[in-house]
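K.L.:
Would you mind keeping the following structure in view while I ask a few things?
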Amino acid sequence: MRNAVSLGTMLTTDLLTPLMAHAELVRQSGSPAQSRLLWVLIEDVDRKLLQVFAEVTAQCPAVKVKLPSLE
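To convert a position in the sequence shown, counted from 1, into my numbering, add 57.
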């Protein structure tokens, strides 16, 4: 499958990187409390995604995710 990746940390990081960048911009704009709240939410989603990915991988190790094509 083209653009296929395994479930795991790298996919989670790719999904959450834009939100991490946004949290940093919020912090730099002078809203550290809002930035911290975003980081708490991002960390919670990260943990939950990794748990789901681990369960799916345990049930079917060959599962791959097809990423959207950039072409």
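We put the CB at the ideal spot given by N, CA and C, even for glycine.
When burial is assigned at 16 or more other CB atoms within 10 Å of the CB, is A80 buried or exposed?
P.N.:
Classification of A80: buried, given that the 10 Å Cβ count is 16 or more.
K.L.:
In the DSSP assignment, find the beta strand (DSSP E) that holds V122 and state where it starts and stops.
P.N.:
Unbroken beta strand (DSSP E) run through V122: 121-123.
K.L.:
Measuring only between beta-carbons, confirm whether A111 sits less than 8 Å from chain C.
P.N.:
Note that chain C does not occur in the displayed structure, where there is just one protein chain.
K.L.:
Considering just the uninterrupted stretch of the alpha helix (DSSP H) at S63, what are its terminal residues?
P.N.:
Unbroken run through S63 is the beta strand (DSSP E), 61-63; no alpha helix (DSSP H).
K.L.:
Could you check whether D103 and L73 sit closer than 8 Å to each other, using their CB atoms as the reference points?
P.N.:
In contact: L73 and D103 (Cβ atoms closer than 8 Å).
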